[in-house]
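Numbering (UniProt numbering), first residue to last: 1 to 231.
#1: If you run the structure through DSSP and keep just helix, strand and coil, what is residue 203?
#2: Per DSSP, what are the beta-bridge partners of residue 128 in this structure?
#3: Please identify the residue among 128, 146 and 47 whose C-alpha is closest to the C-alpha of residue 116.
#4: Please report how far the alpha carbon of residue 73 lies from the alpha carbon of residue 56, in whole angstroms.
#5: Across the segment 58-67 and the segment 125-132, are there enough close Cβ pairs to call them in contact, namely three or more that are closer than 8 Å?
#6: Check whether the Cβ atoms of residue 18 and residue 24 lie closer than 9 Å to each other.
#7: Pick helix, strand or coil for residue 155, following the three-state DSSP scheme.
#8: Which residues does DSSP list as the beta-bridge partners of residue 146?
#9: Determine contact between the segment 96-103 and the segment 152-160, defined as no fewer than three beta-carbon pairs at a distance below 8 Å.
#10: Distance, Cα to Cα, residue 182 vs residue 70?
#11: Looking at the secondary structure, which residues open and close the beta strand (DSSP E) in which residue 72 lies?
#12: Give a yes or no on whether 9 Å exceeds the smallest Cβ distance from residue 206 to chain C.
#13: Pop quiz: residue 178 and residue 193 are said to be a contact at Cβ under 8 Å. What is the actual Cβ separation, rounded to whole angstroms?
#14: Cutting at 6 Å between CB atoms, please list the residues of its own chain near residue 49, excluding the five before and the five after it.
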């Protein structure tokens, strides 16, 4: 079992991909002993550019049989670098999908999602949606985003057939995004982006009502429906 006391060293490979130009930007290998202090730097990145960062770790530790074992793991980040120094360092641009519309009734929820990346022959955004309810989760098939993709959640899947007035008590909506890209000299790569998770009411607040043809008088009725179905 891995713990802070038995790790002898670790290795880390960091590969940075430029998603705007679809090429490998940099690859760095780092091997550090337990008592060594070494700082990894991400300097030199192009401003105002989307990057995918793949960090592969391997921890070496003493096993219970007296030998050595290793534990590999991986982490991926998709971020956009800032275009000037005026932006706060605490603000990280890492949300690659956004919710553009929500329509609900007593038996259905339709959520419209779009990506910051325009679809092309070499890059696409995939999403895995999930709606968490009291009697289970509704998981529609994964979809490829192509100009405002609509996700349909069938609430009848978590409602007893004998009680059509039952409240499904669905609390959390999650959208898990992935980028699939053809990287120059590296072939097809898939990167996991930051998920969006929140209540349906929070999803409604993600898009401006006027610019999408939703009147201010109609918005409270949708919020009321969300309150009845999901709270």
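Each residue gets a CB set at the ideal place from its N, CA and C atoms; glycine is no exception.
All figures in this text were calculated on a predicted structure; none of them were measured in a lab.
With the structure as the only source:
#1: Locating residue 203 in the chain shown gives position 203, counting from the first residue. Three-state result, residue 203: helix.
#2: The sequence position of residue 128 within the chain shown is 128, counting from 1. For residue 128, which the question treats as bridged, DSSP gives the partners 176.
#3: Indexing the chain shown from 1 puts residue 116 at position 116. If we check each option's Cα against that of residue 116, 146 comes out closest.
#4: Sequence index remark: in the chain shown, residue 73 carries index 73 (1-based). Sequence index remark: in the chain shown, residue 56 carries index 56 (1-based). In a straight line, the C-alpha of residue 73 is about 6 Å away from that of residue 56.
#5: no
#6: By one-based count along the chain shown, residue 18 stands at place 18. By one-based count along the chain shown, residue 24 stands at place 24. Yes, the Cβ-Cβ distance between residue 18 and residue 24 is below 9 Å.
#7: Position 155 of the chain shown, counting from 1, holds the residue named residue 155. The answer is helix: DSSP assigns residue 155 an H, G or I state.
#8: Residue 146 sits at position 146 when you count from the first residue of the chain shown. Paired residue(s): none; residue 146 is not in a bridge.
#9: no
#10: Here residue 182 refers to the residue found at position 182 of the chain shown. Here residue 70 refers to the residue found at position 70 of the chain shown. Using only the alpha carbons, I get a separation of about 31 Å.
#11: On the chain shown, residue 72 is found 72 positions in, with the first residue counted as 1. Note, residue 72: beta strand (DSSP E), 68-80.
#12: The structure shown contains no chain C; it is built from a single protein chain.
#13: Indexing the chain shown from 1 puts residue 178 at position 178. Indexing the chain shown from 1 puts residue 193 at position 193. About 7 Å; that satisfies the 8 Å criterion.
#14: Start at 1 with the first residue of the chain shown, and residue 49 comes out as number 49. So the qualifying residues of the chain are 20 and 81.
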